[in-house]
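Asks: Its first residue numbered 23, the sequence shown is counted upward by one per residue in the working numbering. Think of the CB as a built atom: it goes at the ideal place given N, C-alpha and C, for glycine as much as any other residue.
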Amino acid sequence: MSDDSIVYLTQEGLQKIKEELEHLKTHKRVELSHRLAAAVAMGDLSENADYHYAKQEQGFVEGRIKTLEDSLRRAKIIEDRRGAEEVHVGSVVSVVVDGEDEPETYHIVGAHEADPRNGRISNQSPIGRALLGAKVGQTVVAHTPAGRLHLQIQAIQ
23 MSDDSIVYLT
33 QEGLQKIKEE
43 LEHLKTHKRV
53 ELSHRLAAAV
63 AMGDLSENAD
73 YHYAKQEQGF
83 VEGRIKTLED
93 SLRRAKIIED
103 RRGAEEVHVG
113 SVVSVVVDGE
123 DEPETYHIVG
133 AHEADPRNGR
143 ISNQSPIGRA
153 LLGAKVGQTV
163 VAHTPAGRLH
173 LQIQAIQ
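(1) Look at the Cβ atom of VAL158, then the Cβ atom of LEU173, and state whether they are nearer than 7 angstroms.
(2) Between ILE178 and LYS98, is the Cβ-Cβ spacing less than 7 angstroms?
(3) Thinking VAL131 and TYR30 are a contact (beta carbons under 8 angstroms), I'd like their distance in whole angstroms, please.
(4) I'd like the span of the beta strand (DSSP E) that includes ALA97, first residue to last.
(5) Across which residues does DSSP place ARG170 in a beta bridge pair?
(6) Any contact between the stretch 70-87 and the stretch 127-146? By contact I mean 3 or more CB pairs, one from each, below 8 angstroms.
(7) With DSSP as the reference, label MET23 as helix, strand or coil.
(8) Using CA coordinates, which residue listed in LEU154, ASP137, PRO138 is at the minimum distance from ASN145?
(9) Can you grab the Cα-Cα spacing for the pair GLY121 / HIS45, in whole Å?
(10) Looking at the unbroken alpha helix (DSSP H) that takes in SER55, where does it start and where does it end?
(11) Report yes if the CB atom of LEU90 is closer than 7 angstroms to the CB atom of LEU43, and no otherwise.
(12) Using CA atoms only, rank isn't needed, just tell me which of ILE175, GLY150, GLN176 is closest to ALA164.
(13) State the DSSP-derived secondary structure class of GLU122, mapped to helix, strand or coil.
(14) Alpha carbon to alpha carbon, how far is MET64 from SER93?
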């Protein structure tokens, strides 16, 4: 399996995907089937907005189910490797951006769990890719849409 096909997840992220999948299959599908049945019972479907909206939503739900099932098939749980000397998926990294005084802290996670506003960046993001494999004291360059960022690694957890 190539690294591009792997979906990195924390144990919590795996659980969230399983819960969402279960909800979509057991609750959302049932709800949509009831809505569709009610819309069909009304008669003429060509001008039935409820029917068309429910069919559209059903398509979205089925697509989401397929995406989640695919992610679970390709999932790899991020191992806890505290004390590692280089940055890997799962690391919490403190860096200083060139020209700034205050360090920033990033938790490197898989794309499904990325939340940049809360310091959780994807291993596939420009900064995440630049940090992978780096060691404390090393300066890496991230090629971002806003330009090049020089990041000096201060600590790895």
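Replies: On the basis of the data shown:
(1) no
(2) Taking C-beta atoms as the reference points, ILE178 and LYS98 fail to come closer than 7 angstroms.
(3) For VAL131 against TYR30, the beta-carbon gap comes to about 7 angstroms, under 8 angstroms, which counts as contact.
(4) 97-99
(5) HIS165
(6) no
(7) Low local confidence applies: a pLDDT of 48 at MET23 is under 50, so the model's placement there is unreliable, and no value is given.
(8) LEU154
(9) 47 angstroms
(10) 51-63
(11) yes
(12) Per the Cα distances, GLY150.
(13) coil
(14) 38 angstroms
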